[in-house]
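Q:
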């Protein structure tokens, strides 16, 4: 029953993320004077549809994806309200609006989670675990962590992420101690292994919490949104450079498995997962990959610079090729998900 509930919850989560994303495109298109022919949640055959004004609102059978079909988006149109006939700056806003809505949703969820916590975490060391190796390596109570392995630390989340990326259990840290910057080299942490045999290190100290205020909650939520966005980019670079094996990338099946684990840990972990997913979707969609919003944005920026659009048929070929590559990648990670789950 747990896995069935998790599948339904995953569908609802992705449905919300997709709806918010497409709503961003839809609202911005309408405000920009663009004719919207269809607003759809899901892909494939239509289950339900309703015509209201010039727009068809549809729910489709496959609960993955969605779209806003705008007049003249992928073809020539004589309609004055066609997407292709609107000023390029309006089209740029329409293209990025979906991703921005995903980031806003993540930010709102993080505000809820931060507001529900007793204290707002900082990056200052409050106390150590009894078996802490970092304490024996020079880290002290009261140290404010400024960077790990040369990368700036803004919130406690950043500490955990940078430690997770380390492979040998030793990191270089810069801390603020008694008002002065101190560099600590070779700070040691215990190594552990996950279910797939991948080594990782985790924080062996507690961070100081400060009382909640409106300002602290908003600041922490905003920085955490940025931190999760940075994690997506850094993780992608790690994947490209081989620092992280592609087998660790989770597809739809793997995500359901992760959600199942999150549900068992409580509503806060589940909401954290929702925030991570929606911010991930927002950032991923802005990558300059054909068929994604980021790919369309590249063509619009080229048009803005050269003051002349690239022919629609050429852009269409590029996006079609990108779509096929994305489908192939999705099939690969789905196979990897299934193999990993059954290998436990």
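Numbering (our numbering), first residue to last: 86 to 429.
Idealized CB from N, CA, C, for every residue including glycine.
Quick caveat, the model's predicted, so the values are computed rather than measured.
In its own chain, which residues sit with a C-beta less than 7 Å from the C-beta of residue 183, not counting the 5 before and 5 after it?
A: Same-chain partners within the cutoff: 106, 107, 109, 110, 370 and 378.
Q: Decide if residue 380 is buried, meaning its Cβ has at least 16 other Cβ atoms within 10 Å, or exposed.
A: Per the 10 Å Cβ criterion, buried.
Q: Can at least three beta-carbon pairs, one atom from the segment 132-144 and one from the segment 207-221, be found at a separation below 8 Å?
A: Taking 8 Å as the limit for Cβ pairs, the verdict is that the segment 207-221 does not touch the segment 132-144.
Q: Of the choices 236, 143 and 257, whose alpha-carbon is the least far from that of residue 128?
A: It is 143 whose Cα lies nearest to the Cα of residue 128.
Q: Who are residue 259's beta bridge partners in DSSP?
A: DSSP output for residue 259 lists 232 and 268 as bridge partner(s).
Q: Compare the Cα-Cα distances from residue 399 to each of 416, 376 and 414 and report the closest residue.
A: Checked all of 416, 376 and 414; the closest Cα to residue 399 is 376.
Q: Determine the contact status of residue 247 and residue 256, defining contact as a CB-CB distance below 9 Å.
A: Yes; because the gap between Cβ atoms is below 9 Å, this pair is in contact.
Q: Identify the continuous beta strand (DSSP E) that holds residue 171 and give its terminal residues.
A: Where residue 171 is concerned, there is no enclosing beta strand (DSSP E), given that its DSSP letter is neither H nor E.
Q: Check residue 189 in the structure and name its three-state DSSP category.
A: Residue 189: helix per DSSP, three-state reduction.
Q: Alpha carbon to alpha carbon, how far is residue 410 from residue 133?
A: Approximately 30 Å, taken between the alpha carbons.
Q: What distance in whole Å lies between the Cβ atoms of residue 275 and residue 254, which are believed to be in contact at a cut-off of 8 Å?
A: Contact flag correct, Cβ pair sits at about 7 Å.
Q: What is the DSSP secondary structure of residue 399, reduced to helix, strand or coil?
A: Of the three classes helix, strand and coil, the one that applies to residue 399 here is helix, per DSSP.
Q: Three-state secondary structure (DSSP) at residue 242?
A: Of the three classes helix, strand and coil, the one that applies to residue 242 here is helix, per DSSP.
Q: List the whole-angstrom C-beta distance separating residue 238 from residue 288, where the pair is believed to meet the contact cut-off of C-beta under 8 Å.
A: Not quite, the Cβ-Cβ distance comes to about 12 Å (not below 8 Å), so this is no contact.
Q: Drop a sphere of 10 angstroms on the beta-carbon of residue 187, count the other beta-carbons inside from all chains shown, and report buried for 16 or more, exposed for fewer.
A: Under this definition residue 187 is a buried residue.
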